[in-house]
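Numbering (the numbering used here), first residue to last: 12 to 114.
These notes concern the structure reproduced below.
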Amino acid sequence: MQENGYTVQVNDVTDLTAVKNRYQVPAALQSCHTAVVDGYVVEGHVPVTEIEQMLTEQPDIIGVAVAGMPPGSPGMDAGGVTQPYDVVAFNEAGNMEVIASYK
């Protein structure tokens, strides 16, 4: 995010589960990082394209997520190894929708 002009504040915590529960991140979408950007939750290695789209469109969702730590996602460069992954939007009702797929 810093590489894309965003100011980032890092808060190291010991209980990641509590953070994910506080921000209503579905268990199926949980990953290694949870961020809050302008009131939206960003879970995992979400490409900046989808984050910026969310911030521009301001949909009625809690946030977006990339589950796990897929090789080839932002910040997960693995020497050319990639794995397909989806970017999923989630809302307060517990609904999830794939908004982008990467191969």
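Idealized CB from N, CA, C, for every residue including glycine.
As the structure is a prediction and not an experimental result, all values here were calculated from the model.
{"query": "Where E54 sits in the DSSP three-state scheme", "result": "strand"}
{"query": "G79 versus V36: straight-line alpha-carbon distance, rounded", "result": "13 Å"}
{"query": "Spatial neighbours of V109 in its chain, beta-carbon cut-off 6 Å, leaving aside the 5 residues before and after", "result": "D97 and V99"}
{"query": "Cutoff 6 Å; reference S84; Cβ partners in own chain excluding five residues on either side", "result": "H56, V77 and Y96"}
{"query": "Alpha carbon of T93 to alpha carbon of P58, nearest angstrom", "result": "14 Å"}
{"query": "Spatial neighbours of M107 in its chain, beta-carbon cut-off 8 Å, leaving aside the 5 residues before and after", "result": "P37, A39, L40, V99, A100 and F101"}
{"query": "CA-to-CA distance, T28 to P70, given in whole angstroms", "result": "25 Å"}
{"query": "Alpha-carbon spacing of V52 relative to Y34, whole angstroms", "result": "7 Å"}
{"query": "Neighbourhood of T60 by C-beta distance below 8 Å, restricted to the same chain and skipping five residues each side", "result": "A111"}
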